[in-house]
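Residue numbers (our numbering): 6 to 149. Glycine included, C-beta positions come from ideal geometry on N, C-alpha and C. Worksheet: the structure to be examined is printed underneath.
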């Protein structure tokens, strides 16, 4: 068989297998009572930059992205996000959807003066929200 055709078949097979695994993943169940919240800052607080943001988590452990462990996840910080990402797909990674795939439980943000909304969303080992989603209330802070 021609090497190029063999390579194309192998590549197609790998793509097909990866899409089947991703589609078969399904939602990771969240333990009953699991909750994520802000330790600091608090809703309505006025702060100065840099802003230290500390994450709290109850009923769920922290594990790095890529590590599939029952009853765990890792944090994602949503900054000024009006519309939540789809809850059945990986959480986007950009300047407004900040991933903490190393299992971090706090961060420091350099923010210009102004008003900001912050929200935490926990993702599983594949960055997909749990079912039901483990998500904080959205808070508003003012940076002076």
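query                                                                                                                                                                : result
Over what stretch of residues does the beta strand (DSSP E) that includes residue 111 continue unbroken?                                                             : 111-114
Decide if residue 26 is buried, meaning its Cβ has at least 16 other Cβ atoms within 10 Å, or exposed.                                                               : With a pLDDT of 46 at residue 26, under the threshold of 50, the predicted position of this residue should be treated as unreliable, and no value is reported.
For residue 106, which residues of its own chain have a beta-carbon under 7 Å away from its beta-carbon, when the five flanking residues on both sides are left out? : 69, 70, 79
So does the stretch 101-119 actually touch the stretch 38-58, counting three or more Cβ pairs closer than 8 Å?                                                       : yes
In terms of alpha-carbon separation, which member of 35, 94, 62 lies closest to residue 45?                                                                          : 62
Looking only at its own chain, which residues have a Cβ that is under 7 Å from the Cβ of residue 120, when we skip the five neighbours before and after it?          : 145, 147
In angstroms with no decimal places, state the Cα-to-Cα distance between residue 130 and residue 137.                                                                : 16 Å
I want to see whether chain B comes within less than 9 Å of residue 72, judged by CB atoms only; does it?                                                            : Among the chains of the structure shown, chain B does not appear; only one protein chain is present.
Using three-state DSSP, classify residue 50 as helix, strand or coil.                                                                                                : coil
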